[in-house]
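Position 357 (the sequence shown) corresponds to 356 in numbering that gives the first Met the number 0; numbering is contiguous.
Step one of this worksheet: look at the structure below.
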Amino acid sequence: MRHAATILVGLILFAFTTAMAQEDESKAGRLSPKELTIPPSPVFDMMGVTSSQINRTSDIKDFKVDWSFKSWRLNPNLAIQSQPIWELLYNRKELSKYQKASGFMRRLASFDVSIGSVQDENNDRRIGFAGKLNLFKQRDPLLARDLYAGISEKFKKEKEEIEAQLKELRVKLDTTSDILAKPSLRAQIRATEEQLFSINSRRNEEINGRAKIFVGEHWNASSLDVAFGKVYTYQTDSAGSLKSLRLNRNTGWSGWLNGNLGIGKKFLLTGLFRASWYEEELDFLVRNNITGEEISQKAVADNTLWTMGMNLRYGSSIYTFFFEFLYEKKGLKTPLEALGETFKAPGDFQVVGSTVKWDVVHPNTLSFGGDWRLSRSVILNYGMRCVFDGAWKFRTFTPIATISCMMR
């Protein structure tokens, strides 16, 4: 419960900080760049509740909300994501400030944090957070200087001309003695003020229009991200109250590398390597060698889960289709091996080996699906996930959909 309260407080502070950073957008002339992709938040990626478990890299440069659906029940499966350093240092500044920044600062500006919560198929409540940093980006729409050439100068000149015109109209209004001319002058002043107030929005529209062309050409640009995070999974009662913490692969730390490699104009190859560290709960029986009585026992061992896979996408900046293979493997290969790391039976007792159990992780997953960018700010991700055991025997089939929305 203490962990959940800590994350809830962090969620509130995170949302408040981001909201404060986005105030007075029109006054500040806020820049709204066009990101190359809008994949789900890293915390959803870590939880495995996205349609694709090997997601594309991203640099959102904005505030984003994700919803995940494994069923049509209205569960609050929600994640929020933002880039606090970008928000504080570059978001409402002239584009040249970001372009002139050092490579280190531009990498730092790509750091994003996400916090989310989902209810899984066992009705457990999962709460987590994640942080991600871009290490390499082949194409950055904001560094394509020629793409935005002349925009700042054009609107700066227009602003000066409108302000001069507005000043002249106000002088005329104050000095004229013709009362019949005043309504016309006031109307001209209002129209001129509206034109002045629209400069920032028109400036951003032109930037986004040019960036859209860039994104259409380079949607599958190569890049590399590094990320980390932690998830807590709680058993819940019928009222949704959080009870005991699950000790299995669904609760623990994770760190991963996620990379894209563009192939031609239509294909994108994405790879994932992730390590997860968690406590594994073991259930087993011990037998009294004297009386023959068997007693139920529990033990907890430190374990590691290695995850790796490849995803191939075909499409464009508007839509893609994908096929992926994911492989997972525990560091401790068998329940008996894990038990040997943490439990030793007393002298008159022995472990009943056949009763040692843990949560089974089926190693092979095949998924297929796609995404559809409905607008500049909204993307729909959908997919079908097929899980197989070590002998490639079919185990589960799960349809998943997620919606990501940039909060512009």
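Each residue gets a CB set at the ideal place from its N, CA and C atoms; glycine is no exception.
- According to the DSSP assignment, Lys-242 belongs to the beta strand (DSSP E) that extends over 241-244.
- Here Asn-207 carries a helix assignment [DSSP, helix/strand/coil].
- In terms of CA proximity to Leu-107, Val-225 leads the group Leu-184, Gln-194 and Val-225.
- The Cβ neighbour count for Thr-290, taken over all protein chains shown within 10 Å, is under 16; the residue is labelled exposed.
- Per DSSP, the unbroken beta strand (DSSP E) holding Trp-252 starts and ends at 251-262.
- With a 10 Å radius around the Cβ and a threshold of 16 neighbouring Cβ atoms, Gln-82 comes out buried.
- Around the CB of Glu-327, 16 or more other CB atoms lie within 10 Å, so the residue is classed as buried.
- Rounded to the nearest angstrom, the gap between the Cα atoms of Ala-337 and Pro-362 is 18 Å.
- In the three-state reduction of the DSSP assignment, Trp-276 falls in the strand class, which pools E and B.
- Going by C-alpha positions, Val-64 is about 37 Å away from Arg-189.
- Counting along the chain, no beta strand (DSSP E) covers Gln-194; the unbroken alpha helix (DSSP H) around it starts and ends at 181-196.
- Each residue's CA atom was taken as its position, placing Asp-111 and Gln-80 some 7 Å apart.
- A check of alpha carbon separations from Glu-280 across Phe-367, Asn-310, Thr-303 and Ser-200 identifies Thr-303 as the nearest.
- Between the region 212-227 and the region 308-320 there are three or more C-beta pairs closer than 8 Å, enough to call the two in contact.
- Around Ile-84, the same chain offers Leu-107, Ala-108 and Phe-110 as residues with beta carbons nearer than 7 Å, after the five sequence neighbours per side are excluded.
- For the options Leu-331, Gly-346, Phe-348 and Asp-347, the alpha carbon positioned closest to that of Glu-340 is the one of Leu-331.
- One alpha carbon belongs to Gln-187, the other to Leu-165, and they sit about 9 Å apart.
- Considering only Val-170, Ser-50, Leu-246 and Leu-256, the residue with the shortest C-alpha distance to Asp-301 is Leu-246.
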